[in-house]
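Below: one structure, written as structure tokens.
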Amino acid sequence: MSIYNLRCSLLRGTPIALVAALLALGSAQASLSSAISIVLQKGRHYDPTDLFLRKGDTITLVNGDDNSVHHAFIEADRFAFDAGDQEPGKHATLTLKEPGDFIIQCGIHPKMKLTIHVQ
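Here the sequence shown stands for residues -30 to -1, 1 to 89, numbered as in mature numbering (1 follows the signal peptide of the UniProt record, and there is no 0).
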């Protein structure tokens, strides 16, 4: 078998392998498109105070205070969330399953508010 014939026979399967690889990559990117946002609860504030996210994204609320307990919650017609009491250093996660605008409040510090906009 000449080098030319060997090269042609190797290249015949290349388009199929390339298409399969691209399809697999597209599937991986679709599953990785959800974002994880970290929100710090410290000094009676959320940081950041506004988030623009997509349905399926996850928020991790981290209590960054040394001594204060926080209690994040959402009360909305279509969606509710309650993290319970979060001791210093603890975190809670929330996956956004509904589109809309929501306000995360702290049950202990009523002026603490985080607005999330979910597409």
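Heads up, the beta-carbon is just placed ideally off N, CA and C, and yes, glycines get one too.
C-alpha gap between residue i and residue j, whole angstroms
i: VAL88; j: THR19; result: 14 Å
i: ASP47; j: ASP27; result: 20 Å
i: ARG14; j: LEU21; result: 18 Å
i: GLY70; j: LYS25; result: 9 Å
i: HIS79; j: TYR16; result: 11 Å
i: LYS60; j: GLY77; result: 16 Å
Cut-off 7 Å between Cβ atoms - residues of its own chain near residue i, not counting five sequence neighbours on either side
i: GLY34; result: LEU10, GLN11 and LYS12
i: ALA53; result: LEU31, HIS41, ALA42, PHE43 and ALA62
i: ASP55; result: VAL39 and HIS41
i: PHE51; result: PHE43, ILE44 and LEU64
Extent of the continuous beta strand (DSSP E) run through residue i
i: THR63; result: 61 to 65
i: PHE22; result: 20 to 23
i: LEU51; result: Here residue 51 is Phe; the residue named in the question, Leu, does not match the sequence. PHE51 -> beta strand (DSSP E) spans 50 to 52.
Proximal residues to residue i (C-beta, below 6 Å), its chain only, five neighbours per side dropped
i: ILE74; result: ALA42, ILE44 and LEU84
i: LYS81; result: none
i: GLU68; result: ARG48 and PHE49
i: PHE72; result: ILE44, ALA46 and ILE86
i: ASP36; result: PRO58
8 Å CB neighbourhood of residue i in its chain, flanking five on each side removed
i: ASP23; result: Inspection of the sequence shows that residue 23 is occupied by Leu rather than by Asp. ALA5, SER7, ILE29, LEU66, ILE86, HIS87, VAL88 and GLN89, listed in sequence order.
Residue i beta carbon near the ligand GDP (any heavy atom closer than 8 Å)
i: LEU84; result: Although the ligand GDP was asked about, the structure shown includes no ligands whatsoever.
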